[in-house]
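Engineer:
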Amino acid sequence: MNKNSTSDDAISVDNSLAAQHPHVDNEQCKNSTQNEFNSAKCATTTNTARKWSMTPTPLEFSPWSRHRSSIATGAFVVFTIIAASIGILTVCFTSPKATVQKCELKFKPTAQKPVEYKYGPRSVAAGDFDNDTCLDMVIAHHIANTITVYLGYGNGTFKSPIPYSTGSYSSPYMVTVGYFNNDSYLDIAVANFGTNNILIFHGFGNGSFANQTELSTGSSRPIAIIGAHFNNDTLLDIAIANYGKHSISILYQYGNGSFSLPITYPTGYDSFPSSIAAGDFNNDNYLDLAIANYGTNNIVILFGNSNSTFAKQITISTGIDSQPYSIAVGDFNADTFLDIAIANSGSHEVGVLLNNGNETFANQVNYSINSASPIAIWVGDFNQDNRLDIITTNKGADNIAILLGYGTGSFKNATMNSTGAISSISVAVGDFDKDHRLDIAVVNNDTGAIDILVGRYESFQNQTSYSVGSYLQSVAIGDFNNDTLLDIVVANGDSDDVSILLGYGNGSFENQTWYSVGSYPQSVAISDFNNDTRLDVVVANLWSDDVSILLGYGNGSFETQTRYSVGSYPQSVAIGDFNNDTRLDIVVTNWLSNDVSILLGYGNGSFENQTRYSVGTYPQSVAIGDVNNDTRLDIVVANLRSKDVSILLGYGNGSFETETRYSVGSSLQSVAIGDFNNDTRLDIVVTKVDSNDVSILLGYGNGSFENQKSYSVGTYPKSVAIGDVNNDTRLDIVVANEDSNDVSILLGYGDGSFETQTRYSVGSSPRSVAIGDVNNDTRLDIVVANPRSNDVSVLLQYNRGAITYEMSLAPGGGSSLRYVVIGDLNNDTNLDIVLANYGTNNVGVLFGYGNGSFENQMMLNTGMNSHPISIALGDFNGDREVDIAVANHGTKHVDMMLGNGQGKFAIQTSYEIDFDTPPLVMVSGDFNNDTRSEIAVTYDGRDHVDIFVAYNHGSFKTQTRYSVGSSPRSVAIGDVNNDTLIDIVVANSWSNDVSILLGYGNGSFENQIKYSVGSFPWSVAIGDVNNDTRLDIVVANAGSDSVSILLGYGNGSFETETRYSVGSYPESVAIGDVNNDTRLDIVVTKVDSNDVSILLG
1 MNKNSTSDDA ISVDNSLAAQ HPHVDNEQCK NSTQNEFNSA KCATTTNTAR
51 KWSMTPTPLE FSPWSRHRSS IATGAFVVFT IIAASIGILT VCFTSPKATV
101 QKCELKFKPT AQKPVEYKYG PRSVAAGDFD NDTCLDMVIA HHIANTITVY
151 LGYGNGTFKS PIPYSTGSYS SPYMVTVGYF NNDSYLDIAV ANFGTNNILI
201 FHGFGNGSFA NQTELSTGSS RPIAIIGAHF NNDTLLDIAI ANYGKHSISI
251 LYQYGNGSFS LPITYPTGYD SFPSSIAAGD FNNDNYLDLA IANYGTNNIV
301 ILFGNSNSTF AKQITISTGI DSQPYSIAVG DFNADTFLDI AIANSGSHEV
351 GVLLNNGNET FANQVNYSIN SASPIAIWVG DFNQDNRLDI ITTNKGADNI
401 AILLGYGTGS FKNATMNSTG AISSISVAVG DFDKDHRLDI AVVNNDTGAI
451 DILVGRYESF QNQTSYSVGS YLQSVAIGDF NNDTLLDIVV ANGDSDDVSI
501 LLGYGNGSFE NQTWYSVGSY PQSVAISDFN NDTRLDVVVA NLWSDDVSIL
551 LGYGNGSFET QTRYSVGSYP QSVAIGDFNN DTRLDIVVTN WLSNDVSILL
601 GYGNGSFENQ TRYSVGTYPQ SVAIGDVNND TRLDIVVANL RSKDVSILLG
651 YGNGSFETET RYSVGSSLQS VAIGDFNNDT RLDIVVTKVD SNDVSILLGY
701 GNGSFENQKS YSVGTYPKSV AIGDVNNDTR LDIVVANEDS NDVSILLGYG
751 DGSFETQTRY SVGSSPRSVA IGDVNNDTRL DIVVANPRSN DVSVLLQYNR
801 GAITYEMSLA PGGGSSLRYV VIGDLNNDTN LDIVLANYGT NNVGVLFGYG
851 NGSFENQMML NTGMNSHPIS IALGDFNGDR EVDIAVANHG TKHVDMMLGN
901 GQGKFAIQTS YEIDFDTPPL VMVSGDFNND TRSEIAVTYD GRDHVDIFVA
951 YNHGSFKTQT RYSVGSSPRS VAIGDVNNDT LIDIVVANSW SNDVSILLGY
1001 GNGSFENQIK YSVGSFPWSV AIGDVNNDTR LDIVVANAGS DSVSILLGYG
1051 NGSFETETRY SVGSYPESVA IGDVNNDTRL DIVVTKVDSN DVSILLG
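Quick note: the sequence shown, position 400, residue 400 per full-length UniProt numbering, numbers continuous.
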């Protein structure tokens, strides 16, 4: 954009000194984007800077050179402003005096303007650009005049950005994605504030984009952009909000990637529209528009009609000085009418307007965002309760706010979160890590960073207990009184009855009501046996060899029981339609007669006499499902004594084939059926009490099954249930462990495998478990029957944080581990571990599987008496593959192991980096920005650091030394003050501190700054352990058996340490995401126990 294109309404300081150097605040013009009072003065500054095309002096050796040029330029700007003012005053005093009008400057105060140009990234949008089912991102960078595309790996991380130019002086302000040429490949549309146009980048479907198509917006400066189908023709149209022109414009697509000229609708004088959203607010099947007017403190709704125009308009006030910045729509109260959520930045509130359904809205209800100013707003189900929630990104210390919806149009108070930024201006939401939970991408214009906040499952509350009968045996859940709230039924073994607990719908229950059944009721199930839409109960009675049927009245009460004889010692009961007559039937396992009884139902609550089929020895549990995909129900039985599973395939007429058995090698207690690997074929899970685990048998879909795979649970697993407890659309397993008095939760990956168990305490001797949503929050809860404490435990779900745990990997006796580093040595995107085995004179490499587990280590010999003590990773020979450098304490030199990128390493080659003193620790990095790795080494008994600079062939220049603390043991590198220059951190073992040496970027460093840590710090690593985009320090303290965490402020300084115990004599530490959850984990070697500990973050 040139000088002559600047309009009176434009505020553009993208080429000002502040924009050239983002860490210098343009104080004299900071109000130019907030009100018109200083607009004349700042426009002069902007245009003067452009006219002279000033180029900043390159920063080489002196850190002050750029600041001197900035001071000179500032002085010139001030001089220009004074000269202009003198010229204006001269005109005032020398012009002929008019009798009507005086020559004077008049200023009209208006609302703050919502355009603020300080840093690069302004907007983010998400979509699958390369058709790999993984969400990608596009960012608009207004200072750099580019957009960048980040292709996602599907685990919450992204490939390196791919930039696309939006044109000189374009100042891209907002970006959106959609199919703008109707070719089924996602395109990108960019609103260019600086050049008054829209650019469309057409996608090829492989993550790349064609040259852009330019759409002029005339004299309007687009500040917001969306895509929508405004004329119901399946072609995506574009709507923009025009800053300065106080209007919005529609551009209709013609179908070949071209668009109509803008059709403009005014939004009101001085309205300054800042955001736009589309939705059918009156359910007439024509899209309407909602516009947030920052300047006039209101929103405008334009109702669409059949001729693709917007004739009717209403205006709704958002309150005095509310300054609505952005707007979003959704049905918050499930009445099929779209409602509106508004980010009111001036009043620090979120406003909610509920739709009345007649083209009017209820009065705005406001929700406080504390002292933060909401800027961007998004609507989605963030806690997976099928109710819409609201998220805002804010200016202020709490830059993320989440308001959870009740589904009634009201919301909980905001939960405030911080990522370390204080000015977050754009947000995009999607499932970036493919875990079926919404994640958040946030643009921060103060730090220039893009934060990714990954949604997490956060498990169960502590149990609540309810007293019931005597020695509980089984539990089931259903709505017995037709109030849409789940109730509980329990079989009480000693008192020969069942207890009914009616639910209040909030996770609590009424006092029990008892109903007599047979002798020693062992198992209970529920369904509608007489087709009256009321739930009934069936109970298997162990000692009376029968089942009891209790028909429900639909009000929570039941008829007197009717009993039917079955086999000897009925142990378990299940319900299904075995003969395809739409009437429910019953199957019972008979423990002593080693068979199952089938009772076919008449549909009126009565049943035929039993038919029995032989199974294994001591059948303990039964489940029903179509395991061979023939649309006929089959039976699966867990046999205790014969330690196998019986499969009885159904003929669909109420009869069954002879059993087929599958051995699982342990005494079985419970069985359940579900599709654990999402292949539409039923699988089996059984609990095994001898081995304290569960076995998974994946089905082939023809009635046969794979060999079992087992997962550890608690002691004596007695009962199992299946459900999606974390709302990720993948089945999970819940097990009641009788002897350890707890339940185990195994979360499923959706491929037939499961996470390691998480256990929760319940009552005494839990014997039966059931799953259901007992408090109506759309999340599954757990109910457990505890016979020894004669109560049921209810565990309600909540979202409150993940649980970490520690895992050990033993590398072998005598290894005397001294050092550990993490990196991807075989280019499989999974982090691997490299260990220095001092005692066995070798380097161990453990290749990671990406889920927190690793292969057995591969040994690389370092030579007799070499005693490797430290390791560094880097590209030392310029082949772009990761190599290993080993500092050998015994032979006093460094060896290289050159990698081929496939997990193989060439025979070690020594470049004879020899030392007089044995090396203690070594680290590599690009200290002088020449794209080659250098090495920093500390020594035993010498208080300095040596830097070795690499030549092209992998050897190094002469050392440069810097003083640090006493007896430096370990060194790490990273940019700890966010100046894009590499710094050094050293662990000093005798002075019990770490030294920070901030880098100048030319291979030299400032004098040290020291921070206290634990006793005898032997190893140090650097990483962002709290996800605030600032590097932190982790130190292994050998003397105090702990690790110290020093959280960074991002300016080269750090908080006081926090310590965590890790076990005996930790000597080396490394940081990396070993389980692909996008959070950094810690790996520590422990000399005394010859193992490494992994602390998951």
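Virtual Cβ for every residue (Gly too), placed ideally from N, Cα, C. Remember, it's a predicted structure, so these values are computed and weren't measured experimentally.
In terms of alpha-carbon separation, which member of Val566, Gly156, Phe578 lies closest to Val454?
Structural biologist: As a position in the sequence shown, residue 454 is number 454, starting the count at 1. The option with the nearest alpha carbon to Val454 is Gly156.
Engineer: Could you check the C-alpha separation between Pro222 and Ser123 for me, to the nearest Å?
Structural biologist: Here residue 222 refers to the residue found at position 222 when the sequence shown is read from its first residue. Here residue 123 refers to the residue found at position 123 when the sequence shown is read from its first residue. Roughly 13 Å between the two C-alpha positions.
Engineer: Would you tell me roughly how many angstroms separate the C-alpha atoms of Thr617 and Ile635, rounded to the nearest one?
Structural biologist: What you label residue 617 is simply residue 617 of the sequence shown in a count that begins at 1. What you label residue 635 is simply residue 635 of the sequence shown in a count that begins at 1. Rounded to whole angstroms, Thr617 to Ile635 spans 16 Å at the Cα level.
Engineer: What are the boundary residues of the beta strand (DSSP E) that Pro273 is part of?
Structural biologist: The residue given as residue 273 occupies position 273 in the sequence shown. Start and end: 273-279.
Engineer: Confirm, please, whether the CB-CB distance from Ile342 to Val329 is below 8 Å.
Structural biologist: What you label residue 329 is simply residue 329 of the sequence shown in a count that begins at 1. What you label residue 342 is simply residue 342 of the sequence shown in a count that begins at 1. No.
Engineer: Going by the DSSP bridge assignment, what does Glu349 pair with across the sheet?
Structural biologist: Position 349 of the sequence shown, counted from the first residue, corresponds to residue 349. In the DSSP output, where bridge partners are listed per residue, Glu349 has Asn344, Ser368.
Engineer: Any idea what DSSP makes of Arg1079, helix, strand or coil?
Structural biologist: As a working note, residue 1079 is residue 1079 in the sequence shown. Note: Arg1079 maps to coil in three-state DSSP.
Engineer: Whose C-alpha, out of Ile369, Asn594, Asn609, is nearest the C-alpha of Gly601?
Structural biologist: Counting from 1 along the sequence shown, the entry for residue 601 is found at position 601. Nearest of Ile369, Asn594, Asn609 to Gly601, Cα basis: Asn609.
Engineer: Is DSSP giving Ser1040 helix, strand or coil here?
Structural biologist: Numbered from its first residue, the sequence shown carries residue 1040 at position 1040. Coil.
Engineer: If you measure between the beta carbons of Asp433 and Thr1078, is that distance less than 8 Å?
Structural biologist: Numbered from 1 along the sequence shown, position 433 holds the residue referred to as residue 433. Numbered from 1 along the sequence shown, position 1078 holds the residue referred to as residue 1078. Result yes, Cβ atoms of Asp433 and Thr1078 sit closer than 8 Å.
Engineer: Cα separation between Ser1042 and Tyr1060?
Structural biologist: Within the sequence shown, numbered from 1, the residue matching residue 1042 stands at position 1042. Within the sequence shown, numbered from 1, the residue matching residue 1060 stands at position 1060. Answer to the nearest angstrom: the Cα atoms are 5 Å apart.
Engineer: Please work out which residues of its chain come closer than 6 Å, Cβ to Cβ, to Thr660, disregarding the five sequence neighbours upstream and downstream, and give them in chain order.
Structural biologist: Numbered from 1 along the sequence shown, position 660 holds the residue referred to as residue 660. If we look at Thr660 and ignore the five residues flanking it on each side, its Cβ neighbours are Ile647.
Engineer: Checking 8 Å against the spacing of the C-beta atoms, do Val539 and Val498 come in under that value?
Structural biologist: Indexing the sequence shown from 1 puts residue 539 at position 539. Indexing the sequence shown from 1 puts residue 498 at position 498. Yes, the Cβ-Cβ distance between Val539 and Val498 is below 8 Å.
Engineer: Grab the span of the beta strand (DSSP E) containing Pro374 for me, first residue to last.
Structural biologist: Locating residue 374 in the sequence shown gives position 374, counting from the first residue. Per DSSP, Pro374 belongs to the beta strand (DSSP E) from 373-380.
Engineer: Per DSSP, which residues does His141 bridge with? Please list them.
Structural biologist: Taking the first residue of the sequence shown as position 1, residue 141 is located at position 141. BP columns for His141 point to Pro121, Thr146.
Engineer: Classify Arg681 as helix, strand or coil using the three-state DSSP reduction.
Structural biologist: Residue 681 sits at position 681 when you count from the first residue of the sequence shown. In this structure, Arg681 counts as coil in the three-state DSSP scheme.
Engineer: Between the stretch 758-768 and the stretch 722-731, do three or more beta carbon pairs fall short of 8 Å?
Structural biologist: No, they do not touch.
Engineer: Going by the beta-carbon positions, is the gap between Thr213 and Gly257 smaller than 8 Å?
Structural biologist: Along the sequence shown, read from residue 1 onward, the residue named residue 213 stands at position 213. Along the sequence shown, read from residue 1 onward, the residue named residue 257 stands at position 257. Contact flag set, yes.
Engineer: Can you give the beta carbon distance from Phe1016 to Ile1033, rounded, assuming they're within the 8 Å contact cut?
Structural biologist: The residue you call residue 1016 lines up with position 1016 of the sequence shown. The residue you call residue 1033 lines up with position 1033 of the sequence shown. That pair is no contact at about 16 Å.
Engineer: In this structure, does DSSP put His436 in helix, strand or coil?
Structural biologist: Numbered from 1 along the sequence shown, position 436 holds the residue referred to as residue 436. DSSP places His436 in coil when its eight states are reduced to three.
Engineer: With a cut-off of 8 Å on the beta carbons, I'd call Val743 and Tyr716 a contact; round off their distance for me.
Structural biologist: By one-based count along the sequence shown, residue 743 stands at place 743. By one-based count along the sequence shown, residue 716 stands at place 716. Rounded, the Cβ-Cβ distance is 13 Å, inconsistent with contact.
Engineer: Figure out for me which residue from Asn298, Ala362, Val894 has the closest Cα to the Cα of Asn344.
Structural biologist: Against the sequence shown, residue 344 aligns to sequence position 344. Among Asn298, Ala362, Val894, the Cα nearest to that of Asn344 belongs to Asn298.
Engineer: Less than 8 Å between C-beta atoms, sequence neighbours within five positions excluded: which residues of the same chain meet that for Lys1086?
Structural biologist: The residue labelled residue 1086 in the question sits at position 1086 within the sequence shown. Closer than 8 Å at Cβ, skipping near neighbours: Leu817, Val1062, Gly1063, Ser1064, Tyr1065, Pro1066, Glu1067, Val1092, Ser1093.
Engineer: On the premise that Ile884 lies in contact with Val843, defined as a C-beta separation below 8 Å, what is that separation, rounded to the nearest angstrom?
Structural biologist: Counting from 1 along the sequence shown, the entry for residue 843 is found at position 843. Counting from 1 along the sequence shown, the entry for residue 884 is found at position 884. Their Cβ separation, rounded to whole angstroms, is 6 Å, which keeps Val843 and Ile884 in contact under 8 Å.
Engineer: Taking contact to mean 3 or more Cβ pairs, one atom from each stretch, closer than 8 Å, check whether the stretch 750-757 and the stretch 774-788 are in contact.
Structural biologist: Cβ pair count under 8 Å is below three, so no.
Engineer: Restricting to Cα atoms, I'd like to know which of Phe193, Ser670, Val964, Ala189 is closest to Ser171.
Structural biologist: Working through the sequence shown from its first residue, we reach residue 171 at position 171. If we check each option's Cα against that of Ser171, Phe193 comes out closest.
Engineer: Going by DSSP, what residue range makes up the beta strand (DSSP E) through Met858?
Structural biologist: Counted from its first residue, the sequence shown places residue 858 at position 858. Counting along the chain, the beta strand (DSSP E) containing Met858 begins and ends at 858-861.
Engineer: Could you check which residue in Val937, Leu542, Gly507 has the C-alpha nearest to that of Tyr564?
Structural biologist: Your numbering for residue 564 matches position 564 in the sequence shown. Answer by Cα proximity: Leu542.
Engineer: Short of 8 Å in beta carbon distance, which residues of its chain neighbour Asn830, apart from the five on each side in sequence? Order them along the chain.
Structural biologist: Residue numbering aside, residue 830 sits at position 830 when the sequence shown is read from its first letter. Taken in chain order, the residues that qualify are Asp824, Phe847, Gly848, Tyr849, Gly850, Asn1076.
Engineer: Between the C-alpha atoms of Gly974 and Ile1022, what's the straight-line distance to the nearest angstrom?
Structural biologist: Translated into positions along the sequence shown, residue 974 becomes position 974. Translated into positions along the sequence shown, residue 1022 becomes position 1022. Approximately 7 Å, taken between the alpha carbons.
Engineer: For the candidate residues Tyr286, Ile327, Gly1072, Ser1012, whose alpha-carbon lies nearest to that of Asn1026?
Structural biologist: As a first step, residue 1026 must be located in the sequence shown, where it is residue number 1026. With distances taken between Cα atoms, Asn1026 lies closest to Gly1072.
Engineer: CA-CA distance, Gly890 and Val882?
Structural biologist: If you number the sequence shown from 1, residue 890 lands on position 890. If you number the sequence shown from 1, residue 882 lands on position 882. Going by the C-alpha atoms only, they are around 25 Å apart.
Engineer: Check whether the stretch 435-442 touches the stretch 500-514, taking contact to mean three or more Cβ pairs, one atom from each stretch, closer than 8 Å.
Structural biologist: Segments in contact, no.
Engineer: Considering only residues of the same chain and omitting the five flanking positions on each side of Ile549, which have a CB-CB separation below 6 Å?
Structural biologist: Counting from one through the sequence shown, the residue named residue 549 turns up at place 549. Excluding residues within five positions, the ones whose Cβ falls inside 6 Å are Val538, Thr562.
Engineer: For a test of the three-state rule: what should DSSP assign to Thr99, helix, strand or coil?
Structural biologist: As a first step, residue 99 must be located in the sequence shown, where it is residue number 99. Unreliable placement is indicated for Thr99, whose pLDDT of 36 sits below 50; no coordinate value is reported for it.
Engineer: In angstroms, rounded to a whole number, what distance separates the CA positions of Asn677 and Gly518?
Structural biologist: Counted from its first residue, the sequence shown places residue 677 at position 677. Counted from its first residue, the sequence shown places residue 518 at position 518. Asn677 and Gly518: Cα-Cα distance of roughly 40 Å.
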